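Inspection log for the structure reproduced underneath, given as structure tokens.
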Amino acid sequence: MSSSGGSNAKKPRIDSNSLLSTVPSRMSLSNGPGSSGARPLVALLDGRDCSIEMPILKDMATVAFCDAQSTSEIHEKVLNEATAALVWHAITLKKEDLLKFKALKLIVRIGSAYDNVDIKAAGELGIAVSNIPSLCVEEMADTTLSMILNLYRRTAWLAQAVKEGKRVSTPEQIREVATGCARIRNETLGIIGLGQVGMAVAMRAKVFGFNVIFFDPYLSDGIDKVLGITRIFTLQDLLYRSDCVTLHCSLNEHNHHLINDFTIKQMRPGAFLVNVSRGGLIDETALAAALKDNRIRGAALDILENEPYNLAAGPLKDAVNLICTPRTSWYSEASSQEIRENAAHEIRRGLSSKMPASLRYCVNRDYLNVPRSAYDSALNGATFSSLFPLAAPFLSSPGLLGDPSLVGSIPPPVLSSALQQQSASSSTGNVTSSSSTPSLLSAAGSNSPVVVPVNIGESALQAAAKAAAASLGSNNGGESTGGDSMH
Amino acid sequence: MSSSGGSNPKKPRIDSSSLLSAIPSRMPLSNGPAASGARPLVALLDGRDCTIEMPILKDIATVAFCDAQSTSEIHEKVLNEATAALVWHAITLKKEDLAKFKALKLIVRIGSAYDNIDIKAAGEQGIAVANIPSLYVEEMADTTLSMILNLYRRTAWLAQTVKEGKRVSTPEQIREVAAGCARIRNETLGIVGLGQVGMAVAVRAKVFGFNVIFFDPYLSDGIDKVLGITRVFTLQDLLYRSDCVTLHCSLNEHNHHLINDFTIKQMRPGAFLVNVSRGGLIDETALAAALKDGRIRGAALDVLENEPYNLAAGPLKDAVNLICTPRTAWYSEASAQEIRENAAHEVRRGLTSKLPGSLRYCVNRDYLNVPRTAYETGLNGVSPFSSLFPLAAPFLSQTAASQLLSEASMQSSTAATSSSTPSLLSAAGNNSPVVVPVSIGESALQSAAKAAASHGSNNGGDSGSGD
Numbered sequence: 001m002s003s004s005g006g007s008n009a010k011k012p013r014i015d016s017n018s019l020l021s022t023v024p025s026r027m028s029l030s031n032g033p034g035s036s037g038a039r040p041l042v043a044l045l046d047g048r049d050c051s052i053e054m055p056i057l058k059d060m061a062t063v064a065f066c067d068a069q070s071t072s073e074i075h076e077k078v079l080n081e082a083t084a085a086l087v088w089h090a091i092t093l094k095k096e097d098l099l100k101f102k103a104l105k106l107i108v109r110i111g112s113a114y115d116n117v118d119i120k121a122a123g124e125l126g127i128a129v130s131n132i133p134s135l136c137v138e139e140m141a142d143t144t145l146s147m148i149l150n151l152y153r154r155t156a157w158l159a160q161a162v163k164e165g166k167r168v169s170t171p172e173q174i175r176e177v178a179t180g181c182a183r184i185r186n187e188t189l190g191i192i193g194l195g196q197v198g199m200a201v202a203m204r205a206k207v208f209g210f211n212v213i214f215f216d217p218y219l220s221d222g223i224d225k226v227l228g229i230t231r232i233f234t235l236q237d238l239l240y241r242s243d244c245v246t247l248h249c250s251l252n253e254h255n256h257h258l259i260n261d262f263t264i265k266q267m268r269p270g271a272f273l274v275n276v277s278r279g280g281l282i283d284e285t286a287l288a289a290a291l292k293d294n295r296i297r298g299a300a301l302d303i304l305e306n307e308p309y310n311l312a313a314g315p316l317k318d319a320v321n322l323i324c325t326p327r328t329s330w331y332s333e334a335s336s337q338e339i340r341e342n343a344a345h346e347i348r349r350g351l352s353s354k355m356p357a358s359l360r361y362c363v364n365r366d367y368l369n370v371p372r373s374a375y376d377s378a379l380n381g382a383t384f385s386s387l388f389p390l391a392a393p394f395l396s397s398p399g400l401l402g403d404p405s406l407v408g409s410i411p412p413p414v415l416s417s418a419l420q421q422q423s424a425s426s427s428t429g430n431v432t433s434s435s436s437t438p439s440l441l442s443a444a445g446s447n448s449p450v451v452v453p454v455n456i457g458e459s460a461l462q463a464a465a466k467a468a469a470a471s472l473g474s475n476n477g478g479e480s481t482g483g484d485s486m487h
Numbered sequence: 001m002s003s004s005g006g007s008n009p010k011k012p013r014i015d016s017s018s019l020l021s022a023i024p025s026r027m028p029l030s031n032g033p034a035a036s037g038a039r040p041l042v043a044l045l046d047g048r049d050c051t052i053e054m055p056i057l058k059d060i061a062t063v064a065f066c067d068a069q070s071t072s073e074i075h076e077k078v079l080n081e082a083t084a085a086l087v088w089h090a091i092t093l094k095k096e097d098l099a100k101f102k103a104l105k106l107i108v109r110i111g112s113a114y115d116n117i118d119i120k121a122a123g124e125q126g127i128a129v130a131n132i133p134s135l136y137v138e139e140m141a142d143t144t145l146s147m148i149l150n151l152y153r154r155t156a157w158l159a160q161t162v163k164e165g166k167r168v169s170t171p172e173q174i175r176e177v178a179a180g181c182a183r184i185r186n187e188t189l190g191i192v193g194l195g196q197v198g199m200a201v202a203v204r205a206k207v208f209g210f211n212v213i214f215f216d217p218y219l220s221d222g223i224d225k226v227l228g229i230t231r232v233f234t235l236q237d238l239l240y241r242s243d244c245v246t247l248h249c250s251l252n253e254h255n256h257h258l259i260n261d262f263t264i265k266q267m268r269p270g271a272f273l274v275n276v277s278r279g280g281l282i283d284e285t286a287l288a289a290a291l292k293d294g295r296i297r298g299a300a301l302d303v304l305e306n307e308p309y310n311l312a313a314g315p316l317k318d319a320v321n322l323i324c325t326p327r328t329a330w331y332s333e334a335s336a337q338e339i340r341e342n343a344a345h346e347v348r349r350g351l352t353s354k355l356p357g358s359l360r361y362c363v364n365r366d367y368l369n370v371p372r373t374a375y376e377t378g379l380n381g382v383s384p385f386s387s388l389f390p391l392a393a394p395f396l397s398q399t400a401a402s403q404l405l406s407e408a409s410m411q412s413s414t415a416a417t418s419s420s421t422p423s424l425l426s427a428a429g430n431n432s433p434v435v436v437p438v439s440i441g442e443s444a445l446q447s448a449a450k451a452a453a454s455h456g457s458n459n460g461g462d463s464g465s466g467d
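Taken in sequence, the protein lines are chains A and W.
In terms of the UniProt record's numbering, the first sequence opens at residue 1 and continues consecutively.
In terms of the UniProt record's numbering, the second sequence opens at residue 1 and continues consecutively.
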């Protein structure tokens, strides 16, 4: 892509061959097509309603919705041009789906569970992925307690019996219809995964008289003392001791089907099971069998294994003693408003500053294929160009690229290797793979000492370097623009 | 009733006209027909299952069940002979019902709400009424919270929607089906009546982030500081400030239809209402109208106004946004077991010792038509005259005796009306210094005095003989 030029009046025309042209100047926020003044495209992939996101983003981006449940339903224009994407849970983005996007740099999951996005593949493709983690914690904890109480007090089932017209007047009829109602005090509640929601559940459950125990292999010591609950160190032990088990863990490669035939047999006969976290944690066929045999006395689920949510299509369709809600445990009007606003703000941060440093909730930093320099926030996003605004002309061409006195020394060997890498990558002719956040100056790995900020709006130095590299004939992803975006 | 005599060999025959016969002697526990050695009859009026009560009572009483929903369904034998009755909620005992019982001395309500029994009339007829108050506090508090959470998180309604087959997959569909789910933090929960269940609810609600306020005109100061909640001093104020109102008061003559058209208009538009306490607190027609208009966004009830429980027969039958459970808020297998055992033990205490002093949970002491001496526990239930002055009785002059007797006559003539704790030897008021214990097994003196009085009038006629 040629260096900055074009129709933006604020930006002086820069001759790509002259380093004098790399005088930094303030330019408007932009990305790939930004030099021509086009705004980035933000696409809501699996929904229709952008009414909350629009006001926050409209001054700097074009917002569109796709209402798709798979990438095959997404319009080609969006696949080609979208810089940022907003996703809920309804669409799955595996590696092959991510490859379809040509310009994507950022995916923001509106919610906290991002299992539907392959964050590792996204990182390798240079796509940062963020979620919005903490805004629904209390709603989910309240829903979890609602489910636990519905299992113990059978409120939902009793209400249904009354609605169906059952007449209950004598004490014996009461005892009959309410069979299974249990006293809570001194029952043991086992929490698997003591994250934010798990802790909120623990605090609420304590006041009802539950003896709260938890299992979480990832937490450090001492959490049990904070809340006054008991820590258990194996899953088997927790299942053995719990009268009611509730899952509050995220899904990873280790805990798929955590609750399966084998582990159900480790549970107490007649225990309860609650899951508002991730569908893949429970093997539904095993659960259906356990509910039928009454090994599990009742279960309450907010999510199911398969998308889209369809109880009648899975093994649980005939289960009695089952309470299923349709992925609504996080929802309240307030939380819905908040997460959508925060998602839009995260997009805004990502589009207008350096990624992934500017992102507050990025989840795939470790996989993200950008130079480490993207984390250099000590300079408050300042670049070479701001520190040495006039240095550029004094730098000779070799020195420009290899001046160790500048912040973030750039050893020429590294640089040359980067150039080599770039030419190597470009020689594969596949610009949509590997390195999507172009940095001329990064090494192959992410441990490069080179500290060159990379963002959608690049520094003048970067632009100059890119211009030089461009003359070498390769295009490294092609979304960098000239000018810089410091403010 | 004639003085003790009869076939029990342990008891010497006493000539009713001789005070010498008023020698106390140890006799087996018995009541009215006890002189003949028959065991008292304990009847479970409105249920069938006595399996828990039977083992506790069978050595001292005969236990029978009636499974009746009104006194007209009760067998005459029970009406005539039952000394103690166990009741649930299904039968109503008004004054005229109580009058049908000829031998009844004790009613134990298996549960804490005794509105179905006219305790005042019972007291006037000399029937002690006891309830079992505290054993299912936590079950009721847990059910209350379950209802509040079902209203805020709509779990029950969402589960029903899913069961009916609604497909919900996109975010917009979720938003549509879950419309109405509300965030709890900083919502205000208003508790009307801060008894034991009310306090348990307050403690639980705080941890969810509710701002808890309560109204209770009967409590002393400082309760709010104990729990860290806010007290409001008028019902109107509470209704005005609450996003969710929950009732935990007992029913009395002042709070029937506490929630009616007028007070509903004082509530916030779109508030929630929860009631697990007493059906008569809410005017159901007004509630149905408010639910229809959306002035009340959702309601959850465990009790309805009319017995028997029948949602389809009342004004709420077509209400949406209503969760009704059939009087099961108190129920858990543990609590059901416990209250039935405790009720049986209360009956046992009543049958084997003095009423109402022996009762742990008597609710109508103030109305009970027995001498105040029944409370004399300082002597451990021993009658002062008979044990301290076993031979004193003969030394009382006839004047004294006649004085006693004349008072007794006056007393007995007014027995059926005003004075609620009459004592044979007390004046019309309650300040009698005379301390004569009365129990189902009476002291010798009492029986002697009664025997004398029975020449005049019959003071309710249910005093037993001998002791």
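The C-beta atom is built at its ideal place from N, Cα and C for all residues, glycine as well.
As the structure is a computational prediction, the values presented were derived from the model and not from experiment.
- For A/L301, the enclosing beta strand (DSSP E) starts and ends at 296-301.
- In this model, A/E81 and A/K292 are separated by some 51 angstroms (Cα to Cα).
- With respect to chain A, the C-beta atom of W/N310 has a partner C-beta closer than 9 angstroms.
- The beta-carbon of W/F208 is placed less than 9 angstroms from the nearest beta-carbon of chain A.
- Judged by beta-carbon spacing, A/L104 lies within the 9 angstroms limit of A/I127, meaning their Cβ atoms are closer than that value.
- At a cut-off of 9 angstroms between beta carbons, A/C324 contacts chain W.
- Residue contact check for W/A130 against chain A: no CB pair falls below 9 angstroms.
- With respect to W/L239, W/M267 sits close: the two C-beta atoms are nearer than 9 angstroms.
- Chain-order list of chain A residues neighbouring W/N150: S146, L149, N150, T155, A156, A159, by C-beta distance under 9 angstroms.
- Interface criterion met: the Cβ of A/F208 is under 9 angstroms from a Cβ in chain W.
- Fewer than three pairs of CB atoms, one per stretch, sit closer than 8 angstroms, so the segment 352-359 of chain W makes no contact with the segment 182-197 of chain W.
- Scanning the segment 195-234 of chain A from its first residue to its last, the whole alpha helix (DSSP H) runs of 4-plus residues come out as 196-207, 223-227.
- When secondary structure is reduced to three states using DSSP, A/T246 falls in the strand class.
- About 7 angstroms separates the beta carbons of A/V168 and W/R327, which is inside the 8 angstroms limit, making them a contact pair.
- Per DSSP, A/L281 lies in no alpha helix (DSSP H) and is assigned neither H nor E.
- Under the three-state reduction of DSSP, A/S358 is assigned to coil, being neither helix nor strand.
- Bounds of any alpha helix (DSSP H) do not take in A/T62; it lies within the beta strand (DSSP E) bounded by 62-65.
- Rounded to the nearest whole angstrom, the CA to CA distance from A/L57 to A/L86 is 12 angstroms.
- Between W/T325 and chain A, the shortest Cβ-Cβ separation is below 9 angstroms.
- W/Q125 places its beta carbon less than 9 angstroms from that of W/L104.
- Comparing alpha-carbon positions, the option among A/L258, A/A38, A/I52 lying closest to A/L247 turns out to be A/L258.
- At a C-beta separation below 8 angstroms, A/M199 has no neighbours in chain W, since its nearest C-beta there lies roughly 12 angstroms away.
- Look at W/C181: its C-beta is under 9 angstroms from a C-beta on chain A.
- In the DSSP assignment, W/F262 falls within the unbroken alpha helix (DSSP H) covering 261-266.
- Rounded to the nearest angstrom, the Cβ distance from A/D243 to A/R204 is 16 angstroms, too far for a contact under 8 angstroms.
- The shortest C-alpha to C-alpha distance from A/L189 to any of A/L238, A/T179, A/Y114 is the one to A/L238.
- With fewer than 16 other Cβ atoms inside 10 Å of its own Cβ, A/F262 counts as exposed.
- DSSP, reduced to helix, strand and coil, places A/N80 within a helical segment of the structure shown.
- Contacts with chain A (Cβ-Cβ distance below 9 angstroms) from the segment 59-93 of chain W involve D67, Q69, W88, H89, A90, listed in chain order.
- Taking the CA atoms as reference points, W/I117 sits about 17 angstroms from W/A82.
- In the DSSP assignment, A/G190 falls within the unbroken beta strand (DSSP E) covering 188-192.
- The C-beta of W/E341 comes no closer than 9 angstroms to any C-beta of chain A.
- At a cut-off of 9 angstroms between C-beta atoms, A/I264 does not count as an interface residue with respect to chain W.
- For the segment 154-171 of chain W, the residues whose beta carbon sits under 8 angstroms from a beta carbon of chain A are, in order, R154, T155, A156, L158, A159, Q160, T161, V162, K163, G165, K166, R167, V168, S169, T170, P171.
- The C-alpha of A/S130 lies about 13 angstroms from the C-alpha of A/L351.
- Under a 10 Å Cβ-count criterion, A/V63 is classified as buried, with 16 or more other Cβ atoms of the shown protein chains found around its own Cβ.
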